[in-house]
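Asker: Quick note on numbering: this note's numbering labels position 1 of the sequence shown as 86, and the sequence is numbered without any gaps.
Think of the CB as a built atom: it goes at the ideal place given N, C-alpha and C, for glycine as much as any other residue.
Quick one: structure below, then a few questions.
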Amino acid sequence: MTSATRDIEAILRRHLSEEGGIRLALLFGSAARGRLRPDSDLDVGIWPVDPEMPLSDELALAATLGRATGREIDIVRLDRASALVRFEVAKRHTVLRAEPAESLPRFLASAALEHAELGPLWEDARRRLAKRLARAGS
Numbered sequence: 086m087t088s089a090t091r092d093i094e095a096i097l098r099r100h101l102s103e104e105g106g107i108r109l110a111l112l113f114g115s116a117a118r119g120r121l122r123p124d125s126d127l128d129v130g131i132w133p134v135d136p137e138m139p140l141s142d143e144l145a146l147a148a149t150l151g152r153a154t155g156r157e158i159d160i161v162r163l164d165r166a167s168a169l170v171r172f173e174v175a176k177r178h179t180v181l182r183a184e185p186a187e188s189l190p191r192f193l194a195s196a197a198l199e200h201a202e203l204g205p206l207w208e209d210a211r212r213r214l215a216k217r218l219a220r221a222g223s
């Protein structure tokens, strides 16, 4: 992890600690994989306290974090994301906020369980698509 990434994480943590409406916030994507480039945006997954958090609040949060970091922020609602997105975030992330602390293990467990249940279906769909594409290409 570079010092620039550590600085960005510290900025995000500071701003999110002041945000009482967020239960869980995770940095994922290129920043969490250690592949942050100067032009990279930041992917931040959030789980709000209020499941009816208005879009205007999400946009305001993205704007605040963007001004603070000098980067474009992509907010992903973890409570509304697909099982596949949730699993990808769960696999590789950096915790920015978890309040209460058990929010993180609950999210990780639910993402893993969803993936375990749906994984075989995704694999079957992938195989069928690959066969269909192979037939179309011949």
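Check Asp128 in the structure and name its three-state DSSP category.
Answerer: Here the question's residue 128 lines up with position 43 in the sequence shown. In this structure, Asp128 counts as strand in the three-state DSSP scheme.
Asker: For my contact list, Leu206 and Ala110 are in at a C-beta cut-off of 8 Å; report their separation, rounded to the angstrom.
Answerer: Position 121 of the sequence shown, counting from 1, holds the residue named residue 206. Position 25 of the sequence shown, counting from 1, holds the residue named residue 110. Contact doesn't hold; Cβ gap of about 30 Å is too wide.
Asker: Roughly how many angstroms separate the alpha carbons of Arg108 and Trp132, rounded to a whole number?
Answerer: Position 23 of the sequence shown, counting from 1, holds the residue named residue 108. Position 47 of the sequence shown, counting from 1, holds the residue named residue 132. Approximately 6 Å between the Cα atoms of the pair.
Asker: Buried or exposed for Leu146, please, with buried defined as at least 16 other CB atoms from any protein chain shown within 10 angstroms of its CB.
Answerer: By 1-based counting over the sequence shown, the position of residue 146 is 61. Flag for Leu146 reads buried.
Asker: In angstroms, rounded to a whole number, what distance separates the CA positions of Leu121 and Ala196?
Answerer: As a first step, residue 121 must be located in the sequence shown, where it is residue number 36. As a first step, residue 196 must be located in the sequence shown, where it is residue number 111. Answer to the nearest angstrom: the Cα atoms are 25 Å apart.
Asker: Excluding five sequence neighbours on each side, which residues of the same chain lie with their C-beta closer than 8 Å to the C-beta of Asp164?
Answerer: Here residue 164 refers to the residue found at position 79 when the sequence shown is read from its first residue. Only Trp132, Pro133 and Pro136 meet the Cβ criterion.
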